[in-house]
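Counting from 77, one number per residue, gives the positions in the sequence shown under the working numbering.
Notes to accompany the following structure.
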Amino acid sequence: AAGTALGVALLSRLGRPLRVFLLCQCGLLLYAAAVTVALGFLPSRAPLLSWLTAYWREPAGFRLGRYWDWPATLRLYVAWPLVVYVPATVLMGLSFMALQRAVHDDVRTSGRKVGLLQAANIAGCTAGSLLVGLAGLR
77 AAGTALGVAL LSRLGRPLRV FLLCQCGLLL YAAAVTVALG FLPSRAPLLS
127 WLTAYWREPA GFRLGRYWDW PATLRLYVAW PLVVYVPATV LMGLSFMALQ
177 RAVHDDVRTS GRKVGLLQAA NIAGCTAGSL LVGLAGLR
């Protein structure tokens with residue numbers, strides 16, 4: 077929703093929505109690759125990862141209801157997703173809005189183009205979820 081809201085606010089001022097789409101997609105890939113590489117190469121004793129490494133090593137994991145460690149809970153369920161998922165998700169929403177804006181070039185054909193774009197988006201999400209869920213997680 078944040079990427080969509082940002083797209084609504086910004087894209088009316090931008091003249092080349094396909095360029096914005098391409099830049100968002102490239103930024104998304106670079107960010108995802110950088111986070112993945114950083115997680116693979118940072119030492120487990122690094123200040124940002126030491127708490128996560130300790131959490132993963134604990135056999136029982138987070139014991140909900142037994143004790144509340146608010147700093148750990150906030151790091152795990154707020155800070156970690158903010159770093160890993162939010163920038164990529166915002167870029168996805170912004171790029172989809174740029175693509176929506178790009179297909180609104182002709183009043184006579186924009187309805188069909190938007191419908192095809194939405195259908196392709198839904199089909200891609202469904203196919204990706206099925207592929208990862210049924211074939212990738214073995």
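By construction, the Cβ of each residue, glycine as well, lies at the ideal position given by its N, Cα and C atoms.
Alpha-carbon to alpha-carbon, residue j and residue i
i: F97; j: A109; result: 18 Å
i: T165; j: R184; result: 32 Å
i: G204; j: L167; result: 18 Å
i: A114; j: Y107; result: 10 Å
i: R188; j: L86; result: 24 Å
i: V162; j: D181; result: 30 Å
i: R95; j: A196; result: 20 Å
i: W144; j: L213; result: 32 Å
i: T129; j: V154; result: 17 Å
Limits of the unbroken alpha helix (DSSP H) element including residue i
i: V160; result: W156 to V160
i: R95; result: P93 to F117
i: G79; result: A78 to L86
i: A211; result: Taken as a continuous stretch (DSSP letters only), A211 belongs to no alpha helix (DSSP H), as it is neither H nor E.
i: Y131; result: S126 to R133
i: T150; result: Contrary to the premise, residue 150 reads as Leu rather than Thr in this sequence. It spans W146 to L150 - the alpha helix (DSSP H) in which L150 sits, taken as one unbroken run.
Counted within 10 angstroms of its Cβ, other Cβ atoms place residue i as buried (16 or more) or exposed
i: P119; result: exposed
i: L124; result: exposed
i: C100; result: buried
CB contact below 8 Å: residue i versus chain C
i: L175; result: Going by chain labels, chain C is absent from the structure shown, which holds only one protein chain.
Collapsed DSSP secondary structure at residue i in the structure displayed
i: S120; result: coil
i: V183; result: coil
i: L90; result: coil
Distance CB(residue i)-CB(residue j) smaller than 8 Å
i: G79; j: G191; result: no
i: G83; j: M173; result: yes
i: V179; j: S186; result: yes
i: P93; j: R177; result: yes
i: L175; j: L193; result: yes
i: V160; j: V111; result: yes
i: A148; j: W127; result: yes
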